[in-house]
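Colleague:
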Amino acid sequence: MEEVKVHGFWASPFSHRVIWALKLKGVKYEYIEEDLQNKSQLLLQYNPIHKKVPVLVHGGKPVVESLVILEYIEETWPENPLVPEDAYEKAMARFWIKFAEEKGCTCFNPFFLTGEAQEKTIEEAMEVLKIVEDRGLGDKKFFGGEAIGLVDITFGLFGYWLECFGEEVGVKLLEPSILPRFCAWVQNFKEVAVIKETLPDRKKYMAYCKCLREKLMTNSAK
Ligand SMILES: N[C@@H](CCC(=O)N[C@@H](CS)C(=O)NCC(=O)O)C(=O)O
């Protein structure tokens with residue numbers, strides 16, 4: 003089998019998407035941790051346009067952008083499928099993956115603002131989460147039913163990462179009385195062995211979250 007390598011960053015939800023998909027499929031890979039303040043020559047060579055992680059390198063060929071990588075993984079290693087076989091179900095899965103990608107920022111905006119501006123973005127974030135609650139999940143355990151799939155992996159950053167930022171800023175978006183299905187999904191997702199064993203250490207991530215928020219808020223005030 004050709005060599006598989008992943009260039010990632012421990013705190014990156016996008017890197018985790020790739021790791022989760024490979025692990026769920028049982029694909030062996032070598033992980034290369036990047037220092038995002040001092041990116042490796044290989045990372046710059048593999049992803050010259052965005053210069054970001056994750057990068058998947060398969061048989062020496064790089065694939066970039068987490069969602070593109072997820073599609074590549076699904077096509078290259080079809081075992082343990084993560085998307086439905088049925089064309090209509092697959093189209094629905096693609097819709098929610100696109101939705102998660104387009105609305106991701108809306109849900110994280112409240113963490114980088116204060117006062118009235120923050121209030122407004124909290125409302126916008128709750129609207130997005132309510133749509134997922136009411137129309138995306140239904141009464142299913144995961145987006146596709148009983149088993150975890152690519153939609154869950156894509157939404158992964160809405161769980162642990164939203165919780166941590168919320169705790170840091172004192173804004174609780176994931177409120178079980180308002181979003182019972184979504185909050186149950188976050189729990190179900192975190193209980194999957196592959197997810198549980200790969201999520202960043204909470205204490206370490208909370209410290210990182212604080213620094214990241216301070217840095218981004220200082221930059222936006224300039
Ligand atoms: N759209 C990209 C986002 C990747 C991304 O934002 N990666 C961050 C880490 S979470 C990164 O590499 N940042 C380095 C930089 O911006 O210089 C994807 O889905 O892969």
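Using this note's numbering, the first residue of the sequence shown is number 3, and each one after it goes up by one.
Glycine residues also receive a C-beta, built at the ideal position from the N, C-alpha and C atoms.
Any heavy atom of ligand 1 closer than 6 Å to the beta-carbon of leucine 164?
Modeller: No, ligand 1 has no heavy atom inside 6 Å of this Cβ.
Colleague: Taking all protein chains shown into account, decide if asparagine 40 is buried (16 or more other Cβ within 10 angstroms of its Cβ) or exposed.
Modeller: With fewer than 16 other Cβ atoms within 10 Å, it is exposed.
Colleague: CB of valine 55 to nearest heavy atom of ligand 1: below 6 Å?
Modeller: Yes, ligand 1 has a heavy atom inside 6 Å of this Cβ.
Colleague: Would you kindly work out how many angstroms separate the C-alpha atoms of lysine 100 and leucine 152, rounded to a whole number?
Modeller: So the alpha carbons of these two residues sit roughly 11 Å apart.
Colleague: Output the boundary residues of the beta strand (DSSP E) element that contains leucine 58.
Modeller: Counting along the chain, the beta strand (DSSP E) containing leucine 58 begins and ends at 57-60.
Colleague: Ligand 1 heavy atoms versus the CB of phenylalanine 11: any closer than 6 Å?
Modeller: Yes; taking the cut-off as 6 Å, the Cβ of phenylalanine 11 has a heavy atom of ligand 1 nearer than that.
Colleague: Per DSSP, what are the beta-bridge partners of tyrosine 33 in this structure?
Modeller: Answer is Val8.
Colleague: Does DSSP classify proline 202 as helix, strand or coil?
Modeller: Proline 202 falls in the coil class under three-state DSSP.
Colleague: Considering only heavy atoms of ligand 1, does any lie closer than 6 Å to the CB of leucine 214?
Modeller: Result no, Cβ not under 6 Å from ligand 1.
Colleague: Determine the DSSP secondary structure at valine 20, reduced to helix, strand or coil.
Modeller: Helix.
Colleague: Relative to the alpha-carbon of arginine 166, which residue among Lys198, Arg204 and Pro86 has its alpha-carbon at the smallest distance?
Modeller: The amino acid occupying residue 166 in the given sequence is cysteine; arginine does not appear at that position. Comparing Cα-Cα distances from cysteine 166 to each of Lys198, Arg204 and Pro86, the minimum goes to Arg204.
Colleague: For the segment 72-145, which segments carrying the alpha helix (DSSP H) assignment without a break, of at least 4 residues, lie completely within its bounds, in sequence order?
Modeller: Runs of the alpha helix (DSSP H) inside the segment 72-145: 89-110 and 117-133.
Colleague: Does DSSP put glycine 161 in a helix, a strand or coil?
Modeller: Three-state DSSP puts glycine 161 in coil, outside helix and strand.
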